[in-house]
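Okay, so here's the structure we're looking at.
This is how it looks when you write it as structure tokens:
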């Protein structure tokens, strides 16, 4: 068996793809397939690209629009997550996020295309997203953004692609959200480190996958944050207030079989803070979480966390 | 499942060293284009391929086998025969024109990734020049058989309006498929495909379109550059150019002459080398005590090493880059998984 790795900048972050194959197995077509999937996803769902399907959709908010099957699938997933999280995750927080200061693509949030800014719109109730068989509609004063779910959702999709091709050992990282399955080339389990919120070179814990498929997502207020006219901001918007979440957690890490659930749950945990974790974990059926608080303490929920 | 995937990879051009035996069914020539139709020799040994891929062919010419040459398949995968379109312009293709029904041909492949991914390529623009139309013929014939047809725009450029290979077949396909639009360009009437045409295309189709380009190296390069300058993403530009080097046999130098020539050159070099070594030994012994005379010699030697070192470095750089970009099994740079704020 051999381990292969490629990395590239995509989705506004570093993407690592690592797969383990039998000796002599062709590698390039597999990577090509994965990269193409990622590029396609970005082209379709980026809010920073003027001609992405998402931007076209937001531009025509208030009218019923034809959507691609891929768009519909992600929209259904986003609405499902909004329901499951009791609205703590809402795919319609984009206007508030832009008002906070996150308008342009990271790392230059201040450089943006005016036509893609919807500061004058509002956060609408997720139930107001209407999804038909081939079309969808959001209220005229709303704007969608899949930033809170996209990487997790895409990780699940990529894993499906690999599973479909009977590639059972891999780990994929989209900007720090990780999904792993199977074993390393030497037969060891994958060991995923959890980055220290205060030091990029340190970890505060780790998880071994023991051959199983697991997804680990970390959210936090330490990255994608800045200072705008409204003061200090970060990218996790509390839909209840329409402002960057006031939280005692610097980062939250969630482990689940589904990367989509892990991604959304980690963000919701930031929003509610460390005192109300059960409010999030229980409806999402998540039992494993790790919180790094701003008082330098770490809370480990569940049993799989290792030093 | 694993088997299916391996077969899929194999059909994409990997580990496909099996030579398939085919029989010539027909050889038709129209102007300078030769249409070669082959049927499999047995029922089991059949080449599986995807539209847009190519294969190599070789056959017996008199008592000797011909060299191997690559050609795009123009038949759809569903067809019971393999069809190749060859532009007659060298010894090999002239020999192919002399093939007769019943003759044996060895086919090897398929090769290439110039293929449509139905999952993503739903809006397609094909840019072809001359005989570069061949992979598109297979694609369009395949699309013609599908129930759900992607939107395809074909821009097809030729030098002369009186010699447009497969013009009638393309028009028939366009009549049957409302999702297919074809624009023909000829150097003597409408002129070449220009940057303005591409600009119009990109404006009309947007960046969610996949652009396939096939033609001469200069045509492919020009189209790629134009599309990239208009902001079309790399992954949306898929190209294949006919830039095969002219083989010695077709450039008028036979293999036998080439062998003789190389042997003669090698002998001359060997003789010269022995003479130089001998000269050096004699000079060294006669100047053994003249140490001052060594300095220029050493200096010269150093200069030579420096040059060779710098050359090898500059050659090594792209190779390293390529390794990093491709199948990095590079364990020294392996990144282990760490979950961080995304």
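Residue numbers (my numbering), protein chains in the order written: chain D, 4 to 310; chain E, 29 to 370. All C-beta atoms, glycine included, are put in the ideal place defined by N, C-alpha and C. If you're wondering where the values come from, they're calculated on a predicted model, not measured in any experiment.
**Request:** Closer than 8 Å, Cβ to Cβ, to anything on chain D: give me those residues from the stretch 80-101 of chain E, in chain order.
**Result:** none
**Request:** Identify the contact partners of residue 330/D in chain E, using a Cβ-Cβ distance below 9 Å as the criterion.
**Result:** An answer regarding residue 330/D cannot be provided, because it is not within the stretch 4 to 310 covered by chain D.
**Prompt:** Do we get a CB-CB distance below 8 Å when we pair residue 121/E with the residues of chain D?
**Reply:** no
**Request:** Could you have a look at residue 137/D and say whether DSSP puts it in helix, strand or coil?
**Result:** coil
**Asked** Quick one: is the Cβ of residue 18/D within less than 7 Å of any heavy atom of the ligand COA?
**Response** What this structure holds is no ligand at all, so the ligand COA is not there to describe.
**Request:** Report yes if the CB atom of residue 130/D is closer than 8 Å to the CB atom of residue 145/D, and no otherwise.
**Result:** no
**Prompt:** For the stretch 40-79 of chain E, which segments carrying the beta strand (DSSP E) assignment without a break, of at least 3 residues, lie completely within its bounds, in sequence order?
**Reply:** 47-58 and 61-68
**Asked** Under 8 Å between C-beta atoms, does residue 365/E make it to chain D?
**Response** yes
**Prompt:** Among all the DSSP beta bridges, which residues are the ones paired with residue 174/D?
**Reply:** 21/D and 183/D
**Asked** DSSP state of residue 75/D, grouped into three classes?
**Response** helix
**Prompt:** Under 8 Å between the Cβ atoms of residue 172/D and residue 155/D?
**Reply:** no
**Message:** Any beta carbon from chain D within less than 8 Å of residue 368/E's own beta carbon?
**Reply:** yes
**Asked** If we call anything under 8 Å between Cβ atoms a contact, is residue 78/D one with residue 152/D?
**Response** no
**Request:** Could you name the residues of the same chain whose beta carbon sits closer than 8 Å to that of residue 159/D, not counting the 5 residues immediately before and after it, in chain order?
**Result:** 182, 218, 261, 262 and 263
**Message:** So, at 7 Å on beta carbons, what are the nonlocal neighbours of residue 17/D in its own chain, with the 5 sequence-adjacent residues on each side left out?
**Reply:** 10 and 178
**Asked** Does the distance from the C-beta atom of residue 239/D to that of residue 222/D stay below 8 Å?
**Response** yes
**Message:** Looking at residue 41/D: is its Cβ nearer than 8 Å to the Cβ of residue 95/D?
**Reply:** no
**Prompt:** residue 190/E lies in the alpha helix (DSSP H); which residues open and close that run?
**Reply:** Note, residue 190/E: premise wrong, no alpha helix (DSSP H); not H, not E.
**Request:** Using the DSSP secondary-structure output, state which residues sit across from residue 10/D in a beta bridge.
**Result:** 19/D
**Message:** Please classify residue 19/D as buried or exposed, where buried requires at least 16 neighbouring CB atoms within 10 angstroms.
**Reply:** buried
**Prompt:** residue 50/E CB to nearest chain D CB: under 8 Å?
**Reply:** no
**Request:** Give the interface partners of residue 148/E over in chain D, defined as CB-CB distance under 7 Å, in chain order.
**Result:** 39 and 43
**Message:** Just to confirm my understanding: we take residue 173/E, look at its own chain, exclude 5 residues before and 5 after, and list those with CB closer than 8 Å. What are they?
**Reply:** 104 and 106
**Prompt:** CB-CB under 8 Å to residue 258/E, same chain, minus the five flanking residues each way: which ones, in chain order?
**Reply:** 226, 227 and 230
**Message:** Which residue marks the beginning of the beta strand (DSSP E) containing residue 204/D, and which one marks its end?
**Reply:** 202-211
**Request:** Figure out for me which residue from 192/D, 198/D and 33/D has the closest Cα to the Cα of residue 257/D.
**Result:** 198/D
**Message:** Just verifying my parser: in three-state terms, what is the DSSP assignment at residue 154/E?
**Reply:** strand
**Message:** Counting only Cβ pairs nearer than 9 Å, list the residues of chain D close to residue 378/E.
**Reply:** The question about residue 378/E has no answer here: the residues shown for chain E are numbered 29 through 370.
**Asked** Would residue 292/D count as contacting chain E if we go by Cβ distances under 8 Å?
**Response** no
**Message:** Excluding the 5 residues flanking residue 23/D on each side, which residues of the same chain have their C-beta closer than 6 Å to its C-beta?
**Reply:** 4, 6, 172 and 188
**Prompt:** Under a CB-based cut-off of 8 Å, is residue 251/D close to chain E?
**Reply:** no
**Request:** From the DSSP output, in three-state form, read off residue 46/D for me.
**Result:** helix
**Message:** According to DSSP, simplified to helix, strand and coil, what is residue 127/D?
**Reply:** coil
**First through last residue of the beta strand (DSSP E) which encompasses residue 218/D** = 214-223
**Prompt:** From this set, 250/E, 124/E and 211/E, which residue's C-alpha is nearest residue 199/E's C-alpha?
**Reply:** 211/E
**Request:** Determine the burial state of residue 128/E: buried for a count of at least 16 other Cβ atoms within 10 Å of its Cβ, exposed for fewer.
**Result:** exposed
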